[in-house]
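>
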Amino acid sequence: MIMKKIMMIAAMMVATLTASAQFEPGTFSLQPKVGIGFSEITDDNAKFKFGIGAGFEGQYQVNNWLGLSGAVMYQQMGSKVKHFDDAKIELEYIHVPLMAKFYVTKGLSLNAGLQPGFLTKAKVSGYGTDVDVKDDCNKFDLCVPLSVAYELPMGLTFEARYNYGIIDVAKDYDHGSNKASNFSEEIDDKNLMFQITVGYKFAL
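Going by the numbering used here, the sequence shown opens with residue 1, and the numbers climb by one from there.
1) State buried or exposed for I89, treating a residue as buried only when at least 16 other CB atoms are found within 10 Å of its CB.
2) Ordered along the chain, which non-local residues of its own chain (more than five positions away) have a Cβ less than 7 Å from that of K201?
3) Just to confirm before moving on: does the CB-CB distance between L192 and E57 stay below 8 Å?
4) Closer than 6 Å by C-beta to A122: which residues in its own chain qualify, once you throw out the five before and the five after it? Chain order, please.
5) Tell me the rounded alpha-carbon separation between Y164 and I36.
6) Mind checking P145: buried by the 16 CB within 10 Å criterion, or exposed?
7) Is it true that the CB of I166 sits closer than 8 Å to the CB of L204?
8) So, at 8 Å on beta carbons, what are the nonlocal neighbours of G126 in its own chain, with the 5 sequence-adjacent residues on each side left out?
9) Near L119, what residues of its chain come up, given a Cβ to Cβ distance below 8 Å and the 5 sequence neighbours on each side ignored?
10) Among Q61, K190 and S79, which one has its Cα closest to the Cα of D168?
11) Can you tell me whether A71 is buried or exposed? The criterion is at least 16 other CB atoms within 10 Å of its CB, across all chains shown.
12) Could you tell me the distance, in whole angstroms, from the CA atom of T197 to the CA atom of V34?
13) What is the C-beta distance between K101 and S79, in whole angstroms, given that I count them as a contact (C-beta under 8 Å)?
14) Where do the ends of the beta strand (DSSP E) carrying G205 lie?
15) Please go through the same chain and pick out, in chain order, the residues whose beta-carbon is closer than 6 Å to the beta-carbon of Q76, but skip the five residues on each side of it.
16) What is the DSSP secondary structure of K171, counted as helix, strand or coil?
17) Taking the alpha carbon of T26 as the point to measure from, which residue in Y60, A170, R161 and Q115 has its own alpha carbon closest?
18) For V14, which of helix, strand or coil comes out of DSSP?
19) State the Cα-Cα distance for the pair K171 and F194, rounded to the nearest angstrom.
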């Protein structure tokens, strides 16, 4: 009898948590999130570099299977250089991912969209030297993000995302231009990143 009561109480608590986590059609939610990323530039001499990210995401629930979200995220990106362990390209962006979220089952969504990015820092470092190359980089970046996300009933969320860049990192100077630097001549490729984030989603 006592066990039956305990099970009933536990079931009521789970039901309460689940009900409180439901985001009904027509409602808004906010999600602070942090994560890590492994990025590289699509160049034969590049290899993945670790970086961190953080920001906020807002979402509008259109219906039971579709949500629309927009976020502002700070993200470290760039690339290491093969055969030179201390050499790396360090990039920092403010990303504004705009996503459509398709819920295939309760809590699980497949997501796609566009991600404008705005460069805040760009430098090449290695062997005790740092060279600012921001003037040789495009200040605007654009990626296509694809991801899968899972939302627990209490609001905790996990997301794995792949970002594929469609704009070159470096400015495209004409060959022979006196504006071209060694960086812009060597790097004529795009950003790639695998990203994992954890967040907490709550209703507004």
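In this text, a Cβ means the ideal position worked out from N, Cα and C, and glycines have one as well.
On the basis of the supplied data:
1) Answer is buried; the Cβ neighbour count reaches 16.
2) Same-chain partners within the cutoff: S29, Q31, E151, G155 and T157.
3) Against a cut-off of 8 Å, the Cβ pair of E57 and L192 comes out as no contact.
4) Closer than 6 Å at the Cβ level, and outside the excluded window around A122, lie L91, V133, K134 and C137.
5) Rounded to the nearest angstrom, the two C-alpha atoms are 16 Å apart.
6) Buried is the call here.
7) Not closer than 8 Å, so no.
8) Annotation for G126: V81, F84, D86, A87 and K88 place their beta carbon closer than 8 Å to its own, counting only its chain and skipping 5 residues before and after.
9) Cβ neighbours of L119 within its own chain (closer than 8 Å, five residues either side excluded): L91, E92, Y93, K134, C137, N138, K139, F140 and D141.
10) Closest in alpha carbon position to D168, among Q61, K190 and S79, is K190.
11) Buried.
12) About 5 Å.
13) Rounded, the Cβ-Cβ distance is 29 Å, inconsistent with contact.
14) Examination of residue 205 is not possible in this model, given that the chain is present from 1 through 204 alone.
15) Only G51, I52 and E92 meet the Cβ criterion.
16) If DSSP states are grouped into helix, strand and coil, K171 belongs with coil.
17) Inspection of the sequence shows that residue 26 is occupied by Gly rather than by Thr. Nearest C-alpha to G26: Y60.
18) Low confidence applies here, because V14 scores a pLDDT of 43, under 50, leaving its location unreliable; read the following figure in that light. Under the three-state reduction of DSSP output, V14 falls in the helix class.
19) Those two C-alpha atoms are separated by around 24 Å.
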